[in-house]
Amino acid sequence: MFLTTFIKSHFTKLSVPIFNSHSGSRIDKFLITDLNRSWNEVQKYIRNGEINVNNKKIKDHQFLLQEGDIVTYWDKLKKQDQNQLRPLPNVQSYEDLKKMILYENDQIIILNKKHGYASQGGANPNYNIPEILNLYFKNFYIIHRLDQLTAGLLIIAKNKDVATEISRIIQEKAFITKKYIAVVQGTIKSQKGLIDRPLLFNTNNQKQTCYNEEQLLEGKYLPARTSYEIIEEYEYGNEIYTVLDLQIFEGRKHQIRAHLSQVLKTPILFDQKYGFQFTKSNRELQTQLFGENQGIMLQAKKMIFQNFPVDINEQFYQNSNGSMIQKNGKLEIEATFSNEFESLLQLLPK
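If you want it as structure tokens, here you go:
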């Protein structure tokens, strides 16, 4: 049964994917924040076998989570402030989500996610993909994360086995290629290059910071590599904007945003968190592209799997959100440009 025909129901089982920002965290410390519960309450849930990781009950409160794990629990465990009960997404949010579907079968959904939609939580339930899906699915698994301000490819599994297998491929990295496109503020001297700088995520300001190789060897920081190649440079409003083709090899949180801003000194357009400098001209450009919505000029454009574990019947598939080509077990998925990217590239002088 497909997403377009699911009947609205109420389900109480929650599945939370673990991304690299929580890899290595103890299960109890993760749950204190995720459930909004006290240490004693979390210990009780663990002792009672109410917490599962990858479909197995966890009884050790010091269990270490790894990227790709799926933590599952009943939603009654999650504490909410009664004065700030979260509203449910509206019906239109479901219709809007369907318009992002690049491909769907009985095992997966592939979205060309719009800028502004959260893949791992967010303030507005109408722009929160997990909350929208939770109204229509008994089980779903968002396999990898995509920043709320970033557009592009997002894969969602409809069962645990598929989620585990695709997560394994993404974790192993050798059998997947992930490519992005970005527009940055400023010029870059080299036509192409590789940024190889470890990162540390600061939970206080929710930002990544680049460090040097010696600090990586101390074991405190996560390795991160981003390759880039200049596609084109444009002059707009007394500024230079550079369009980049990018590939990431690790997929750390905010990896591209930190590398481009802190290493190349060219922040992504409208990414104020990572150093984009607003002027009257580019502020007007942001409003022209996004209106009252939020977004940065970064899109997950292409994913190539060497051995995709899900059977895709079509050798070639295409719709308004992108295309897929399958041959000899290799699957190439490419998203069309977001509306904002399309509009920007038309505005920039040829």
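Going by UniProt numbering, the letters in the sequence shown line up with residues 1 to 350, in that order.
Where is the CB? At the ideal position from N, CA and C, for every residue including glycine.
Classified as exposed, L194 has fewer than 16 neighbouring CB atoms from the shown chains inside 10 Å of its CB. Under DSSP, the beta-bridge partners assigned to D245 are I181, E229.
The DSSP-derived three-state label of T287 is helix.
Taking all protein chains shown into account, Q315 has fewer than 16 neighbouring C-beta atoms within 10 Å of its C-beta and is therefore exposed. With a threshold of 16 other beta carbon atoms within 10 Å, N128 meets it and is buried. F278 is classed as exposed because its beta carbon has fewer than 16 other beta carbons within 10 Å across all chains shown. For Q255, the CB contacts under 8 Å within the same chain, skipping 5 residues up- and downstream, are L199, Q208, A224, T226, I248 in chain order.
Rounded to the nearest whole angstrom, the C-alpha separation of N319 and E332 is 14 Å. In this structure, Y236 and A258 do not form a Cβ contact; the two beta carbons are roughly 24 Å apart against a cut-off of 8 Å. Counting along the chain, the unbroken beta strand (DSSP E) around I70 starts and ends at 70-74.
For D196, the enclosing beta strand (DSSP E) stretches over residues 192-196. With contacts defined by Cβ atoms closer than 8 Å, L65 and S119 do not form a contacting pair. Across the structure, V243 and K330 are spaced so that their CA atoms are roughly 28 Å apart. Per DSSP, S93 lies in no beta strand (DSSP E) segment; the continuous alpha helix (DSSP H) that holds it begins and ends at 91-98. A contact between stretches requires three or more CB pairs, one per stretch, nearer than 8 Å, and the region 30-46 fails this requirement with the region 96-106. The beta carbons of Q185 and T266 sit closer together than 8 Å. In this model, A182 and R168 are separated by some 27 Å (Cα to Cα). Around the beta carbon of D75, fewer than 16 other beta carbons sit within 10 angstroms, so the residue counts as exposed. Per DSSP, the unbroken alpha helix (DSSP H) holding T164 starts and ends at 160-172. Put simply, of K189, G49, N55, S38 the residue whose alpha carbon is nearest the alpha carbon of P17 is N55. Distance from the CA atom of D161 to the CA atom of D311, rounded to whole angstroms, is 13 Å. Separation of the CB atoms of N105 and S15 is rounded to 20 Å, and the pair is thereby denied contact status at 8 Å. Straight across, the Cα-Cα distance linking E232 with Q92 is about 38 Å. Taking C-beta atoms as the reference points, Y141 and A151 fail to come closer than 8 Å.
Burial state of Q272 is exposed, judged by a 10 Å Cβ sphere holding fewer than 16 other Cβ atoms.
For the 8 Å CB-CB criterion, Y317 and Y103 form a contact.
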